[in-house]
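Data block below; observations after.
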Amino acid sequence: MANIEPITGRYIHVPYAGEDYRVFYEEAGQGIPLVCLHTAGTDSREWRHQLCDPDINGSFRVIALDLPRHGKSIPPTGWWKEEYRLTATFYSEFVMAFCRELGLERPVIMGSSMGGNICLHLALNFEQDVRALIAIEACEYSPGWWLDWLSNPHMHGGEVSATSVYGLMAPHSPEEYRRETWWYYAQSGPGIFKGDLYFYSVDHDFRNLVDRLSGRVPMYFMTGVYDFACTPEMTENTARKVKGSECIIMEEIGHFPMCENPVTFKRYLMPVLAKIRETR
Numbered sequence: 064m065a066n067i068e069p070i071t072g073r074y075i076h077v078p079y080a081g082e083d084y085r086v087f088y089e090e091a092g093q094g095i096p097l098v099c100l101h102t103a104g105t106d107s108r109e110w111r112h113q114l115c116d117p118d119i120n121g122s123f124r125v126i127a128l129d130l131p132r133h134g135k136s137i138p139p140t141g142w143w144k145e146e147y148r149l150t151a152t153f154y155s156e157f158v159m160a161f162c163r164e165l166g167l168e169r170p171v172i173m174g175s176s177m178g179g180n181i182c183l184h185l186a187l188n189f190e191q192d193v194r195a196l197i198a199i200e201a202c203e204y205s206p207g208w209w210l211d212w213l214s215n216p217h218m219h220g221g222e223v224s225a226t227s228v229y230g231l232m233a234p235h236s237p238e239e240y241r242r243e244t245w246w247y248y249a250q251s252g253p254g255i256f257k258g259d260l261y262f263y264s265v266d267h268d269f270r271n272l273v274d275r276l277s278g279r280v281p282m283y284f285m286t287g288v289y290d291f292a293c294t295p296e297m298t299e300n301t302a303r304k305v306k307g308s309e310c311i312i313m314e315e316i317g318h319f320p321m322c323e324n325p326v327t328f329k330r331y332l333m334p335v336l337a338k339i340r341e342t343r
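Numbering of the sequence shown is given in my numbering, commencing with residue 64 and proceeding in unit increments.
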């Protein structure tokens with residue numbers, strides 16, 4: 064028999080700020096909506112292991128989208144007229160617009176890196192609209208990664224971006240998956256990694272906002288010990304300030320848990336998902 068994965072890919076049109084965005088997403092499973100947000104400069108392929116895992120998609124409708132300009136989601140009209148810089152406002156509002164357009168009722172949002180950082184903004188501005196937030200490799204402020212030289216025409220932007228993040232993965236992670244993550248980064252569009260890092264290191268400065276979080280939305284911080292962009296100490300410091308949150312530090316994992324080492328990541332993720340299933 065053919066080995067066919069359970070993932071279904073579709074396009075949905077998401078209206079936002081007067082623009083019609085054609086967005087690609089993949090999904091598998093049924094149950095509680097679990098929307099997965101990719102890291103900077105990549106796309107929904109990072110979540111292929113979780114999409115295909117029956118222990119996860121048996122209770123959750125796992126949905127992974129490509130943000131506009133990423134993967135199979137094309138840029139908006141006139142994209143060539145301006146430099147791309149992702150902002151917290153666009154990112155958070157667009158994710159929720161996607162969820163509304165798909166008809167998702169109080170989804171769980173799980174994101175890694177910039178997808179983890181945006182969870183803080185979602186907790187602040189959309190706490191009534193989400194069931195829980197899983198903020199992977201996230202903290203209140205992660206400076207130093209928005210670099211002008213990433214768009215230097217004398218460099219191969221994809222390979223430079225991919226190689227710059229390769230060291231963020233743990234040596235314990237299977238080389239096959241580390242190389243696969245490198246491949247995702249090497250394929251991003253021109254200026255996309257740099258534009259995403261504008262949000263990650265500049266526009267995402269939550270230090271003066273973290274105390275405003277009510278704590279009514281369950282939030283789970285999960286960070287790998289080999290992450291030097293968002294260190295365990297940075298995550299722990301943030302989690303201490305977020306009322307009612309839980310902080311989980313993952314051994315033998317770096318900055319890309321879901322795709323660099325899905326087996327180890329699953330051991331940490333399943334107890335979190337079990338708690339969320341009990342949340343009403």
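Cβ atoms here follow ideal geometry from the backbone N, Cα and C, with glycine treated the same way. Treat the numbers as computed from the prediction; the structure is a model and nothing was measured.
For residue i, does the count of other Cβ atoms within 10 angstroms reach 16, so buried, or fall short, so exposed?
i    : result
W110 : buried
R194 : buried
F291 : exposed
I181 : buried
D116 : buried
A337 : exposed
M321 : buried
A65  : exposed
E323 : buried
T102 : buried
T244 : buried
Is residue i near residue j, with beta carbons less than 8 Å apart?
i    : j    : result
P131 : Y84  : yes
A160 : L183 : no
M98  : C202 : Position check: residue 98 holds Val in this sequence, whereas Met was assumed. No.
G252 : R148 : no
I312 : P325 : no
F284 : E314 : no
I126 : R340 : no
H76  : D106 : no
F262 : S224 : no
E200 : S176 : yes
M333 : D118 : yes
I73  : Y88  : Reading off the sequence shown, one finds Arg at residue 73, where the question assumed Ile. Yes. Within cutoff.
N120 : P78  : no
K306 : G287 : no
S155 : L114 : no
Consider the C-beta atom of residue i and the heavy atoms of the ligand MG; say whether any pair is separated by less than 7 Å.
i    : result
S251 : The model on display carries no ligand, and the ligand MG is accordingly not part of it.
Have a look at the options and flag the residue whose alpha-carbon is nearest the alpha-carbon of residue i.
i    : options                : result
M282 : S155, L167, K304, T150 : K304
G178 : L100, G134, Y248, M297 : L100
T152 : E309, N188, V125, L165 : N188
Q191 : I137, M333, V171       : V171
I86  : D116, D129, S155       : According to the sequence shown, residue 86 is Val rather than Ile. If we check each option's Cα against that of V86, D129 comes out closest.
A91  : I67, G278, T301        : I67
E82  : T298, I137, K329       : I137
T140 : A80, Q113, R108        : A80
A302 : C322, L196, S122, Y331 : L196
M232 : I316, N120, T102       : I316
Q250 : I70, G104, R73         : G104
F269 : L165, T150, Y289       : T150
R169 : G254, V280, V335       : V280
G207 : Y248, L260, G254       : L260
Measuring straight from C-alpha to C-alpha, what distance separates residue i and residue j?
i    : j    : result
Q93  : R241 : 29 Å
H318 : M173 : 14 Å
L167 : H267 : 26 Å
V158 : R124 : 16 Å
V265 : V228 : 18 Å
W246 : H112 : 16 Å
W143 : R330 : 43 Å
R275 : C293 : 22 Å
F328 : E146 : 35 Å
T342 : V335 : 11 Å
E164 : G254 : 28 Å
List the residues that DSSP assigns as beta-bridge partners of residue i.
i    : result
E90  : T71, I126
Y283 : I197, E309
H76  : R85
C99  : A127, M173
D268 : Y204
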